[in-house]
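Residue 282 in the numbering used here is what sits at position 3 of the sequence shown, and the numbering runs on without skipping anything. Virtual Cβ for every residue (Gly too), placed ideally from N, Cα, C.
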Amino acid sequence: MKVLTRACYFNRCFNAENFYGGLSRERFGLAFYIMFMKRKEEDRKNRFIFIHAPQDWSFYIFALPCFVSALMWFALFGKLIAYLFMGDDFYWPALIALPIYSIFFVNLLGYLKSFKPKKGVCLNRVEQTVSFAWKIDGEKDIPSGANLSFNWEDIVCKQKQNVGSVGSMVSVLELSHHNLESFPNAKMTLPLGLDNTSMPINNYLMWEYIVRYMDISKPLPDSPEFELFRELDPLTAKLDEKNKRPNRFWTQFSLEQQREIEEQIFQEALKFDWSEGKVQPEITKPWEVWTPDPKRPPKPRGMFTMIMLQLVFCYPE
């Protein structure tokens, strides 16, 4: 087990963002329930980020009506084709009943999902706290089962070796309170989404991402993930104005080009000597390094496409 230091050596934070909704964060299409709900704070990445724990079984309960909807729409389309070209019978009320079903579940599932407890860890940049989304049992002077927030300074990150799905050793990160004797369940293994048997580099990149985000002496990382929130952070907004940063810079990049930049940075990370302790300067003006490809502009998802996806898959977006 290795405890990672709170330092950024590689200094390359980059997470691609699909700006499928363009610059608007207020679109809802057929998800009318959003009109009556206050926007959730966890969407504001200038304040905090939430790292989700692996999906639990409840995911499949929410996915079932969506799967049924898609199945019925494809069956309906097949019946319509058979009616038009083969003269088969067609049940016309289905053209009304099925959209009603979809609109009902788009709103019901979206509404219920907004109240579904999330499992994971919340990193609060503004208040410099870390909280785990489950009840924490701890010392005697703390109420049993209280949902606690810990100071960022009390959190450590450990690199551990676990047995993977195929029996090989896998390198993983565990974020936890430094005193696990007092708070034994104040910990979470970070879901990196990759088999890190031969690539523990992902661990270092994830930890640097967290450390850099929580450093309030610096602006938000200049990454597509934070593009729509930069102006909400006073320090970031001030430095962006000073640097004459192009407005909505990363929204000019297609998702494909962003992922190419991600891969470029990852390949650089593989060649970087992490053991030397040498600090690489951060890229503070990415517009001097990368330019959007005019032949591959971003493709925001239109309202028609959004509504069709909501009808077919009951996904509120």
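Ignore the nearest five residues each way along the sequence and tell me which others in residue i's own chain have a CB closer than 6 Å to its CB.
i           : result
residue 428 : 408 and 410
residue 591 : 349 and 352
residue 529 : 503 and 506
Which of the three DSSP states is assigned to residue i in this structure?
i           : result
residue 407 : coil
residue 415 : coil
residue 393 : helix
residue 399 : strand
residue 341 : helix
residue 474 : Here residue 474 scores only 49 on pLDDT, less than 50, and its place in the model is too uncertain to base an answer on.
residue 423 : In this predicted model, residue 423 has a pLDDT of only 47, less than 50, meaning its place in the structure is not dependable enough to derive any value.
residue 558 : coil
residue 385 : helix
residue 380 : helix
residue 495 : coil
residue 286 : coil
residue 357 : helix
residue 568 : coil
residue 503 : helix
residue 511 : helix
Please report the straight-line C-alpha distance between residue i and residue j, rounded to a whole angstrom.
i           : j           : result
residue 437 : residue 470 : 14 Å
residue 458 : residue 415 : 13 Å
residue 534 : residue 365 : 42 Å
residue 567 : residue 292 : 16 Å
residue 290 : residue 484 : 9 Å
residue 487 : residue 375 : 52 Å
residue 537 : residue 461 : 43 Å
residue 588 : residue 360 : 20 Å
residue 524 : residue 563 : 10 Å
residue 350 : residue 569 : 43 Å
residue 392 : residue 377 : 22 Å
residue 574 : residue 539 : 15 Å
residue 396 : residue 494 : 28 Å
residue 332 : residue 506 : 24 Å
residue 403 : residue 489 : 11 Å
residue 578 : residue 299 : 7 Å
residue 282 : residue 561 : 24 Å
residue 532 : residue 548 : 22 Å
residue 554 : residue 504 : 28 Å
residue 502 : residue 327 : 15 Å
residue 543 : residue 357 : 44 Å
residue 323 : residue 441 : 33 Å
residue 380 : residue 355 : 13 Å
residue 343 : residue 593 : 10 Å
residue 309 : residue 450 : 43 Å
residue 398 : residue 595 : 21 Å
residue 481 : residue 372 : 53 Å
residue 521 : residue 512 : 14 Å
residue 294 : residue 367 : 51 Å
residue 465 : residue 307 : 36 Å
residue 325 : residue 435 : 22 Å
Could you tell me which residues DSSP puts in a beta bridge with residue i?
i           : result
residue 453 : 437 and 468
residue 522 : Bridge partners of residue 522: none, in fact.
residue 281 : 438
residue 429 : 409
Within its chain, find whatever has a CB closer than 8 Å to the CB of residue i; leave out the 5 residues flanking it on each side and keep chain order.
i           : result
residue 510 : 516 and 519
residue 557 : 288
residue 597 : Because the chain here runs from 280 to 596, residue 597 falls outside it and cannot be looked at.
In terms of residues, what are the limits of the alpha helix (DSSP H) holding residue i?
i           : result
residue 544 : 534 to 550
residue 313 : Taken as a continuous stretch (DSSP letters only), residue 313 belongs to no alpha helix (DSSP H), as it is neither H nor E.
residue 527 : That residue, residue 527, is in no alpha helix (DSSP H); it is neither H nor E in DSSP.
residue 486 : 480 to 492
What is the residue span of the beta strand (DSSP E) that residue i lies within?
i           : result
residue 330 : 327 to 331
residue 592 : Looking at the DSSP string, residue 592 is not in any beta strand (DSSP E); the run it does join, the alpha helix (DSSP H), is 582 to 592.
If you drop the 5 nearest sequence neighbours on each side, which residues of the same chain put their C-beta closer than 7 Å to that of residue i?
i           : result
residue 316 : 393
residue 369 : 358, 359 and 362
I'd like to confirm something about residue i: is its beta-carbon nearer than 7 Å to some heavy atom of the ligand NAD, or not?
i           : result
residue 532 : As for the ligand NAD, it is missing from this structure, which has no ligand bound.
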